[in-house]
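Below is one structure, written out as structure tokens, with a few remarks after it.
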Amino acid sequence: MNIFLFNASAFFSNLLWTVIGLIAFAFVMSVLVIVHEGGHFLAAKKAGILCHEFSVGMGPLICQKKKGETLYSIRAFPIGGYVSMAGEEIEDNILKGVEKVRLVIEKGRVNKIIVNLDNPKYQDLPIYNLGKYDLIGTKEALPDELFIEVKNDDEEQYNKLIVERNCLVNFEKKAEIQIAPYDRNFVNKPLLNRFFSVFAGPFMNFVLAVVVFFAIGLFTGYADTKHTVIGEVTYVENSNNTLEKGDEITSINGIATSSWDDISLIMAQIAAGGSNYTSKVHVTTKDGKDIYINPSVYVYTIELALLNDGTDDAIIGEYSANNSKTKAAIAGLMKNDKIIGIFAKNPKTGEIIDELKYDDDRVLTKSELLAFFQRETIEVGPDILIRYNRGGNISTSEPIEAYDKRTLNSQGITSTKVQLGITCRNKFNLVKLLYMPWVQTGQSITSIVKTLGLIFSNSRIGVDDLSGPVGIFTILKSAVQQGSLFTWMAVLSVNLGFVNLLPLPALDGGRLAFLVYEAITKKKPNAKVENIIHTVGFVLLMGLMVFICFNDVLRCIGR
């Protein structure tokens, strides 16, 4: 009965967090898309480009509303969006192949052309034979230059009617599109207007990141590293004598601390292993507390955590709430496994290049394990095999593809880390508030550049490590639980802006590349060729997205 209640509680807890994660995903992605497409939209409107539709989301239509000359749409999947600008894609003659039309005429001018003759709304209007017409006009946008010639079946000559510049063409019962005269067409606008209409989308994502980072700094402040005052305590000790929020640390392991940088340096030395490591960390505070803490030990090289049980034995602990998907777990390692040996193997030759082992009765110590992962042989990212004791049974893990030092450093991560379960106090800082949002945005861009460099180098980071919508959902779900949703929103906004600027077909960067070509050569590229390139690029990107989503799903189910 108790087991059933426990499982039911865990199930509903996971279900609740999944629902919250979905809401967070929809919220964050919708904001990013609205800001991105809003950048395109505002720049296009400023340039006088006709925007047929502003869509948030992709896929099946949920709702839409026409306001002014633009149709605003919300679609089912918040993983993208678009602004349909007149002339951005090659558009066929809007009345190509049309022989008969109905016309809505007001004050002697045509303001709607009905192509769908069966539309019940316009059955009382006469049907005309279509003759010559000009719905584009000239660069000068002369008054009354747009026209259409029509006649009844019993008339011999066509009648020329002036067409309004905002005339609508009705194709289906509700589907209408506004004509795009020469001066409202994207392709006919000056180069700079077109450039900024495309560039404004990614640019607004960077602006959003700065704004969000600013808001976070305004409401939560910045780490007060000049002092040693504790902000949050996450570790749990079975004692009344524990560290608390607001405590000021005066020493760690007998070494005086006057700033949080001192604390970080001492903990980094402990994480290096060897004689620096202590299974219990001695902390004293200004108000006289004298506390011994069991630290949390992490080996990020292979995504492994050690049990913080107060001993020096290297026993595997809980790496994260999603422990089954770490490199170590996928290789077969489980919580409470006792590590009795480590082997580093060259992934190309299979040769053992380093090892740490005594005998099967001897459990390695945490200090030995931490020191091992500081060796130069491990920094290059070999395959790691862990020999372990599980309930008296001796086994060896599958090879673990270790992260090399370059990969970890590019993401600001150390090979090993020892944590006390405390964080620095945050404090409002006006000076930092003025420059840190820009620095954080720049750091996010730098991180992306480094990651791309790793993908295209000999690093073990590859395309299959990228995350798509499923991976982003998982990240945002964890971010909600950890209280870092808006930080991730800013980071994802930078990612969206940067990726869209890559000079790849179908992306904003690909379109900008053609505009740069035009600026250099002083001639426009062939529109049909450009359109084919973007279409092929779009298909390839969709294929890549499917591949990434497939890998996301495999990671979610722990494969």
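Heads up: the sequence shown is residues -9 to 549, going by this note's numbering.
Where a beta carbon is used, it is the ideal one built from N, C-alpha and C, also for glycine.
Keep in mind it's a predicted model, so treat the numbers as computed, not measured.
Quick check on this structure: which residue in the options has the alpha carbon closest to the alpha carbon of residue i?
| i | options | result |
| --- | --- | --- |
| GLY244 | TYR282, GLY263, ALA261 | TYR282 |
| SER248 | ASP498, HIS217, GLY98 | HIS217 |
| GLY411 | LYS270, THR436, THR316 | LYS270 |
| PHE31 | ASN183, VAL489, GLY121 | ASN183 |
| LEU442 | LYS467, GLN472, GLN401 | GLN401 |
| GLN433 | ASN485, VAL470, THR413 | ASN485 |
| ASP344 | LEU466, LYS513, LEU375 | LEU375 |
| PHE362 | ARG92, ASN383, ILE292 | ILE292 |
| ARG99 | LEU136, PHE67, GLY77 | LEU136 |
| CYS414 | GLU222, LEU208, GLY77 | GLU222 |
| GLY340 | GLY381, ALA295, PRO389 | PRO389 |
| LYS417 | ASP214, GLU96, GLN472, PHE204 | ASP214 |
| CYS41 | LYS512, TYR225, ALA33, THR60 | THR60 |
| ALA475 | PHE15, VAL9, GLU96, SER3 | For the sequence presented, residue 475 should be read as Leu rather than Ala. Of the listed residues, the one whose Cα sits closest to LEU475 is PHE15. |
| LYS97 | GLN113, ASP114, VAL153 | VAL153 |
| THR511 | GLU43, LEU181, ASP114, PHE1 | LEU181 |
| GLU139 | GLY121, GLN147, PHE446 | GLY121 |
| PHE204 | PHE1, ASN419, SER447 | ASN419 |
Would you decide whether residue i is buried or exposed? Buried here means 16 or more other CB atoms lie within 10 Å of its CB.
| i | result |
| --- | --- |
| ARG365 | exposed |
| GLY47 | buried |
| ASN352 | It should be pointed out that residue 352 corresponds to Arg in this sequence rather than to Asn. Counting Cβ neighbours within 10 Å, ARG352 comes out exposed, since fewer than 16 surround it. |
| CYS53 | exposed |
| LYS328 | buried |
| TYR348 | exposed |
| SER254 | exposed |
| LEU497 | buried |
| LYS356 | buried |
| ASP277 | exposed |
| TYR267 | buried |
| SER483 | buried |
| MET19 | buried |
| LEU444 | buried |
| TYR123 | buried |
| GLU27 | buried |
| ILE95 | exposed |
Between the beta-carbon of residue i and the beta-carbon of residue j, is there less than 8 Å?
| i | j | result |
| --- | --- | --- |
| ASP394 | GLU369 | yes |
| VAL105 | GLY70 | no |
| PRO372 | ALA321 | no |
| LEU398 | TYR290 | yes |
| ARG377 | THR367 | no |
| GLY38 | ASP173 | yes |
| ASN284 | ASP303 | no |
| LEU198 | ILE169 | no |
| VAL287 | LEU233 | no |
| PHE176 | GLY29 | no |
| LYS150 | ASN119 | no |
| ILE239 | ILE220 | yes |
| THR8 | LYS467 | yes |
Compute the Euclidean distance between the alpha carbons of residue i and residue j, then round it to the nearest angstrom.
| i | j | result |
| --- | --- | --- |
| LEU323 | GLY458 | 27 Å |
| MET(-9) | ASN326 | For MET(-9), the predicted structure reports a pLDDT of 49, less than 50, and the residue's modelled location is therefore unreliable. A value from the coordinates is still provided. When rounded, the distance between both Cα atoms is 27 Å. |
| PHE504 | GLU145 | 49 Å |
| SER187 | SER45 | 16 Å |
| PHE101 | VAL88 | According to the sequence displayed, residue 101 carries Asn and not Phe. Rounded to whole angstroms, ASN101 to VAL88 spans 18 Å at the Cα level. |
| LYS57 | HIS524 | 30 Å |
| ILE342 | GLU391 | 14 Å |
| PHE(-4) | ASN521 | For PHE(-4), the predicted model reports a pLDDT of 49, less than 50, meaning its position is unreliable; a value from the coordinates is still stated below. Near 58 Å, if we compare the C-alpha coordinates of ASN521 and PHE(-4). |
| ILE538 | ILE462 | 11 Å |
| THR360 | ALA261 | Correcting the residue identity first, residue 360 is Leu in this sequence and not Thr. The straight-line gap from Cα to Cα measures roughly 6 Å. |
| LEU12 | LYS141 | 57 Å |
| THR406 | MET257 | 10 Å |
| LEU494 | GLY191 | 16 Å |
| PRO110 | ILE117 | 13 Å |
| ALA76 | PHE161 | 17 Å |
| LYS613 | TRP478 | Only positions -9 to 549 of the chain appear in this structure, which leaves residue 613 out of reach. |
| ALA66 | PRO50 | 5 Å |
| LEU93 | ASN156 | 14 Å |
| LEU132 | ILE167 | 22 Å |
| ASN541 | GLU79 | 32 Å |
| GLN430 | ASP350 | 48 Å |
| VAL200 | ALA246 | 37 Å |
| PRO427 | GLN471 | 23 Å |
| PHE196 | TYR425 | 15 Å |
| LEU530 | VAL25 | 25 Å |
Q: Report the residue ranges of all alpha helix (DSSP H) runs contained in full by the segment 183 to 271; include only those spanning at least 4 residues, in chain order.
A: Within the segment 183 to 271, the complete alpha helix (DSSP H) runs of at least 4 residues are 250 to 261.
Q. Which runs of the beta strand (DSSP E) spanning at least 3 residues fall entirely within the segment 84 to 167, listed in chain order?
A. Listed in chain order, they are 90 to 96, 99 to 104, 117 to 124, 137 to 141, 149 to 160.
Q. Which full runs of the beta strand (DSSP E) of 3+ residues lie inside the segment 397 to 434, going along the chain?
A. Within the segment 397 to 434, complete beta strand (DSSP E) segments of at least 3 residues are found at 406 to 409, 412 to 414, given in chain order.
Q: Let me know the alpha helix (DSSP H) ranges lying completely inside the segment 293 to 370, each 4 residues or longer, listed in chain order.
A: If we require 4 residues or more, the alpha helix (DSSP H) runs fully inside the segment 293 to 370 come out as 317 to 320, 356 to 362, 366 to 369.
Q. If you scan the segment 20 to 86 from start to end, which runs of the beta strand (DSSP E) of 3 or more residues do you find wholly inside it?
A. Secondary structure in the segment 20 to 86: the beta strand (DSSP E) runs of 3 residues or longer, each lying completely within the stretch, are 41 to 57, 60 to 75 in chain order.
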